[in-house]
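Reviewing the structure listed below.
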Amino acid sequence: IGFTMHTFSLANHRYGFTAASGAHAAENARKDPFAWMEAMFANQDKFWDEPTDNLTGTQVFELFGQVAEDAPGLRIPKDEFVAALKSRPVNLATRTTWKLGCANAVSNTPTFFANGARFAADDTWTKAQWVQFFNQVLSQ
Numbered sequence: 003i004g005f006t007m008h009t010f011s012l013a014n015h016r017y018g019f020t021a022a023s024g025a026h027a028a029e030n031a032r033k034d035p036f037a038w039m040e041a042m043f044a045n046q047d048k049f050w051d052e053p054t055d056n057l058t059g060t061q062v063f064e065l066f067g068q069v070a071e072d073a074p075g076l077r078i079p080k081d082e083f084v085a086a087l088k089s090r091p092v093n094l095a096t097r098t099t100w101k102l103g104c105a106n107a108v109s110n111t112p113t114f115f116a117n118g119a120r121f122a123a124d125d126t127w128t129k130a131q132w133v134q135f136f137n138q139v140l141s142q
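Laid out in structure tokens, this is it:
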């Protein structure tokens, strides 16, 4: 079984695209993109409108870089991570996964697909529910 995470930044989040780009930057640094997402969910309150209202774009990117540097499972140097966030390959990867989400009518996150088909699951599923689901898929 292989797992692929496609990022899908929601337009109503000011730094959603940058946060989504972080998963691709982590992957490019040969780190676990899931570790990036865990770190972002743990730190998302730092990136809401009010905490970033008086920060420049550069300062916000530095804040993203600090998250990557401090996150267990990542420990990517801040300057390296910020440079990756601003790179064309990361930008294009993030745009591509966003377009994939649009093409598949994704309107909220998380949304789950198995073998290209959307299915009803949510982020409250237990390990047992996932095992049951994949055993059912593999038996077909």
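Counted from 1, the sequence shown has number 127 at position 125 by my numbering; the numbering is strictly sequential.
Glycine included, each C-beta is placed from N, C-alpha and C at the ideal position.
Identify the residues that DSSP records as bridge partners of residue i: which are they?
{"i": "ALA31", "result": "In DSSP, ALA31 forms no bridge with anything."}
{"i": "ALA86", "result": "ALA86 is not bridged to any residue."}
{"i": "ARG16", "result": "Its beta-bridge partners do not exist; DSSP assigns none."}
{"i": "ARG120", "result": "PHE115"}
Do residue j and residue i come within 8 angstroms of each other at the CB atom, strictly closer than that value?
{"i": "ALA119", "j": "ALA31", "result": "no"}
{"i": "ALA22", "j": "THR96", "result": "yes"}
{"i": "ARG16", "j": "ASP51", "result": "yes"}
{"i": "PHE136", "j": "ALA123", "result": "no"}
{"i": "ALA37", "j": "ALA73", "result": "yes"}
With 16 other CB atoms within 10 Å as the buried threshold, where does residue i fall?
{"i": "PHE10", "result": "buried"}
{"i": "PHE63", "result": "buried"}
{"i": "GLY67", "result": "buried"}
{"i": "GLY75", "result": "exposed"}
{"i": "LEU140", "result": "exposed"}
{"i": "VAL69", "result": "buried"}
{"i": "TRP132", "result": "exposed"}
Regarding residue i and the ligand MN, is the C-beta to nearest heavy atom distance less than 7 angstroms?
{"i": "THR54", "result": "No copy of the ligand MN appears in this structure; indeed no ligand is present at all."}
Beta-carbon of residue i versus every beta-carbon of chain C: anything under 8 angstroms?
{"i": "GLN138", "result": "In summary, chain C is missing from the structure at hand, where a single protein chain is found."}
Could you work out which residue in the options is closest to residue i when comparing CA atoms only?
{"i": "GLU71", "options": "ALA28, LYS101 and ASN14", "result": "ALA28"}
{"i": "ASN93", "options": "THR20, ARG16, THR128 and LEU102", "result": "THR20"}
{"i": "GLU82", "options": "GLN138, PHE135, LYS33 and LEU12", "result": "LYS33"}
{"i": "ASP138", "options": "THR128, ASP124, ASP125 and ALA116", "result": "Checking the displayed sequence, the identity of residue 138 turns out to be Gln instead of Asp. Comparing Cα-Cα distances from GLN138 to each of THR128, ASP124, ASP125 and ALA116, the minimum goes to ALA116."}
{"i": "THR6", "options": "THR99, VAL108, SER141 and PRO53", "result": "THR99"}
{"i": "ASP125", "options": "PHE43, GLY75 and ALA73", "result": "PHE43"}
{"i": "PRO91", "options": "GLN142, GLN46 and ALA25", "result": "ALA25"}
{"i": "ALA13", "options": "PRO53, VAL84 and CYS104", "result": "CYS104"}
{"i": "PRO35", "options": "ALA130, HIS8 and PHE121", "result": "HIS8"}
{"i": "LYS88", "options": "ASN45, LYS101, GLY59 and THR111", "result": "GLY59"}
Pick out the complete alpha helix (DSSP H) segments inside the stretch 30-67, 4 residues or longer, and give them in chain order.
35-45 and 51-54
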